[in-house]
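**Student:** Okay, so the sequence shown: first residue is 7 according to our numbering, each after it adds one.
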Amino acid sequence: MIYQIFLVCTITLMENECDPVYAKVDELLDLITKSKSLHILLELHLANRQLSFTELKKRVEAASTTVSRRLTELEEHALIERNTNSLRPNSASYSLTEKSMSLAPIIQSMYDWCEAN
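1) Using the Cβ count rule (16 or more neighbours within 10 Å means buried), how would you classify L34?
2) When we look at the beta-carbon of L52 and count the other beta-carbons within 10 Å, is it buried (16 or more) or exposed?
3) State the DSSP-derived secondary structure class of A98, mapped to helix, strand or coil.
4) Determine whether the beta carbon atoms of L102 and I113 lie at a separation below 8 Å.
5) Quick one: residues in its chain with C-beta nearer than 7 Å to the C-beta of L44, no 5 flanking neighbours on either side, listed in chain order?
6) Is it true that the CB of S58 sits closer than 8 Å to the CB of S97?
7) Here's the rule: buried if 16 or more other CB atoms are within 10 angstroms of the residue's CB, otherwise exposed. What is V27?
8) How is the beta strand (DSSP E) around E87 delimited, first residue to last?
9) Have a look at D118, D32 and K40 and flag the residue whose alpha-carbon is nearest the alpha-carbon of T78.
10) Just mark R94 as buried or exposed, buried being the case when its beta carbon has 16 or more other beta carbons within 10 Å.
11) By the DSSP assignment, the alpha helix (DSSP H) with D32 in it spans what residues?
12) Thinking C-alpha only, which one of L50, E121 and E67 is nearest S152?
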């Protein structure tokens, strides 16, 4: 399901101009409303530490393919970091970036609101 927000446009003499921030909001909503994206971000926030792929998979209760895809997408948008261990190169852990840390309280608020309602 794709979520769209209403664009607030200002009318000028020659054309309509929309605030470009709304396009960024749409892009963010498209990303975080994909299956398990919000859950992954919330689990990393609650853990307050790096989590391995296996730990994340258990916490979000999803198939490996789904978790792998979401981690890749979140990493591509700089919302999580993939950290590798030189002693175990096939093993990776994941953590929030500074960018996503500022988003974490908003996600937590949405979770709290849903829990209360």
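Backbone N, C-alpha and C define an ideal beta-carbon position, used for all residues, glycine too.
**Tutor:** Looking at the atomic coordinates:
1) Position 28 of the sequence shown, counted from the start, is the residue given in the question as residue 34. L34 is exposed by the Cβ-count criterion.
2) Numbered from 1 along the sequence shown, position 46 holds the residue referred to as residue 52. Residue environment for L52: exposed (fewer than 16 other C-beta atoms within 10 angstroms of its C-beta).
3) Residue 98 sits at position 92 when you count from the first residue of the sequence shown. DSSP places A98 in strand when its eight states are reduced to three.
4) Sequence index remark: in the sequence shown, residue 102 carries index 96 (1-based). Sequence index remark: in the sequence shown, residue 113 carries index 107 (1-based). For the pair L102 and I113, the CB atoms are not nearer than the 8 Å cut-off.
5) Counted from its first residue, the sequence shown places residue 44 at position 38. These residues qualify, in order along the chain: I38 and I113.
6) Position 91 of the sequence shown, counting from 1, holds the residue named residue 97. Position 52 of the sequence shown, counting from 1, holds the residue named residue 58. A Cβ-Cβ contact shorter than 8 Å links S97 with S58.
7) Taking the first residue of the sequence shown as 1, we reach residue 27 at position 21. V27 comes out exposed.
8) Here residue 87 refers to the residue found at position 81 when the sequence shown is read from its first residue. Note, E87: beta strand (DSSP E), I86 to N91.
9) Residue 78 sits at position 72 when you count from the first residue of the sequence shown. The closest CA to that of T78, considering only D118, D32 and K40, is found on K40.
10) Along the sequence shown, one-based indexing puts residue 94 at 88. Here R94 is exposed, its C-beta having fewer than 16 other C-beta atoms within 10 Å.
11) Counted from its first residue, the sequence shown places residue 32 at position 26. Unbroken alpha helix (DSSP H) run through D32: V27 to I38.
12) No answer is possible for residue 152: the residues shown for the chain start at 7 and end at 123.
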